[in-house]
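Protein chains in written order, with our numbering: chain A, 115 to 124; chain B, 4 to 215.
Where a beta carbon is used, it is the ideal one built from N, C-alpha and C, also for glycine.
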């Protein structure tokens, strides 16, 4: 789910 | 984590060490755009705010802290320690033309209309164009020290490697991050001219010189 994006990249 | 992303991150790390090495061995920040470096501080600070409320991994946190700390340190070196070696008269790109549109874009394109998500989007868009003052400066002077070109190449390779990383993640995890991918492709595209000269000249042992 995009609204819950984790942003695990730098 | 996959091979491409790890290699990309290592390339990013390498670029910072090359830049620090350049500044410290030549005792000069000649040829380096202060504006680009300042934009990177803005990029890292706005993106890595999530250090305070989201834990991904030790790797992730350590890298984030390193990128914030090293970018601030580089700014310090340029602003104070090696200030006389920085020539603002050739570092003339108007960064408000980058900051404004990136801010507007982040209000339109984000994954959630919240403070942290808008800042995250802003940082992604800003990173994509943060190199422009540096490339503009290069264009103006028409030449660069070899070590500076290694720095730029490592920085460009870092973003280029994120592209196969996204392709890999799409196939293995079904994951797509349209904001990061779009901005990342633009960002990598900005390096194409530079890469052309880097690969055809610098890596052949010639000086980085743009045709007059």
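Under 8 angstroms from the C-beta of residue i: neighbouring residues of chain A
i              : result
residue 53(B)  : 121
residue 67(B)  : 124
residue 63(B)  : 122, 124
residue 183(B) : 123
residue 44(B)  : Residues of chain A passing the Cβ test: none, with the nearest at roughly 15 angstroms.
residue 12(B)  : 124
Residue from the options whose Cα sits closest to the Cα of residue i
i              : options                        : result
residue 36(B)  : 100(B), 90(B), 160(B)          : 90(B)
residue 31(B)  : 87(B), 79(B), 57(B), 46(B)     : 87(B)
residue 137(B) : 155(B), 169(B), 122(B), 4(B)   : 155(B)
residue 53(B)  : 207(B), 121(B), 157(B), 206(B) : 121(B)
residue 147(B) : 183(B), 210(B), 67(B)          : 210(B)
residue 142(B) : 194(B), 79(B), 9(B)            : 194(B)
residue 62(B)  : 140(B), 213(B), 13(B)          : 13(B)
residue 226(B) : 144(B), 153(B), 132(B)         : What is shown of chain B runs 4 to 215, which leaves residue 226(B) out entirely.
residue 42(B)  : 97(B), 60(B), 27(B), 57(B)     : 97(B)
residue 29(B)  : 84(B), 59(B), 49(B)            : 84(B)
residue 128(B) : 118(B), 102(B), 56(B)          : 102(B)
residue 66(B)  : 115(B), 77(B), 9(B)            : 9(B)
residue 108(B) : 16(B), 199(B), 123(B)          : 123(B)
residue 126(B) : 94(B), 79(B), 76(B), 183(B)    : 183(B)
residue 199(B) : 161(B), 114(B), 152(B)         : 152(B)
residue 18(B)  : 206(B), 77(B), 113(B), 95(B)   : 77(B)
residue 124(A) : 22(B), 34(B), 60(B)            : 60(B)
residue 94(B)  : 134(B), 130(B), 70(B)          : 134(B)
Element boundaries [alpha helix (DSSP H), containing residue i]
i              : result
residue 196(B) : 195 to 203
residue 32(B)  : Here residue 32(B) belongs to no alpha helix (DSSP H), and DSSP marks it neither H nor E.
residue 131(B) : 118 to 132
residue 101(B) : 99 to 111
residue 78(B)  : 61 to 79
Rounded Cβ spacing between residue i and residue j (contact assumed at less than 8 angstroms)
i              : j              : result
residue 74(B)  : residue 40(B)  : 7 angstroms
residue 164(B) : residue 7(B)   : 5 angstroms
residue 25(B)  : residue 150(B) : 4 angstroms
Within chain A, partners of residue i - CB distance below 9 angstroms
i              : result
residue 196(B) : The contacting residues do not exist; residue 196(B) stays about 25 angstroms from chain A at best.
residue 30(B)  : By Cβ distance, chain A contributes nothing, its closest Cβ being about 30 angstroms from residue 30(B), past 9 angstroms.
residue 8(B)   : 123, 124
Proximity test, residue i beta-carbon vs the ligand MN heavy atom, cut-off 7 angstroms
i              : result
residue 121(A) : The ligand MN is absent from the structure shown, which contains no ligand whatsoever.
Residues sharing a beta bridge with residue i, DSSP
i              : result
residue 147(B) : 211(B)
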